[in-house]
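For reference, the structure is listed below as structure tokens.
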């Protein structure tokens with residue numbers, strides 16, 4: 006699967022009731038001036054998406070880029086940081102960047 010960011014604008018989907026697990030990705034995109042769609046949905050729409058099998062792991066947030074659906078907030082944040090040039094290219098530094 007090839008994604009062209011010149012034509013594919015990422016869409017971040019999360020609940021409309023707060024910042025939550027999508028906030029880190031929002032901050033990365035905003036800081037890096039990466040254009041993205043910030044879709045904040047009501048709980049009823051989440052239930053509908055979950056019932057229709059549109060959510061990997063039946064959870065939010067998700068990031069949609071073209072035909073790809075990326076789930077899990079840490080995976081989404083790593084994608085955003087990599088895209089923004091903020092993620093270390095050294096594998097050890099990259100692993101340590103996720104250390105709590």
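In the working numbering, the protein residues as written are 6 to 105.
We put the beta carbon where it would ideally sit given N, CA and C, even for glycine.
Bear in mind that the values here come from a model prediction, so they are computed numbers and not experimental data.
In the DSSP assignment, what are the bridge partners of residue i?
i	result
residue 42	16
Should residue i go down as buried or exposed, given a rule of 16 or more other Cβ atoms within 10 Å for buried?
i	result
residue 62	exposed
residue 32	exposed
residue 180	The structure shown has nothing for residue 180, since the chain only spans 6 to 105.
residue 101	exposed
residue 73	exposed
Nearest to residue i by alpha carbon, out of the options?
i	options	result
residue 28	88, 94, 79	79
residue 16	34, 56, 22, 100	34
residue 70	54, 20, 97, 88	88
With a Cβ-Cβ cutoff of 8 Å, do residue i and residue j count as a contact?
i	j	result
residue 19	residue 60	no
Which residues in the same chain as residue i place their Cβ atom closer than 8 Å to its Cβ, once the five residues preceding and following it in sequence are excluded?
i	result
residue 25	19, 66
Leaving aside the five residues before and after residue i along the sequence, list all residues of the same chain whose C-beta is less than 6 Å from its C-beta, in chain order.
i	result
residue 86	33, 92
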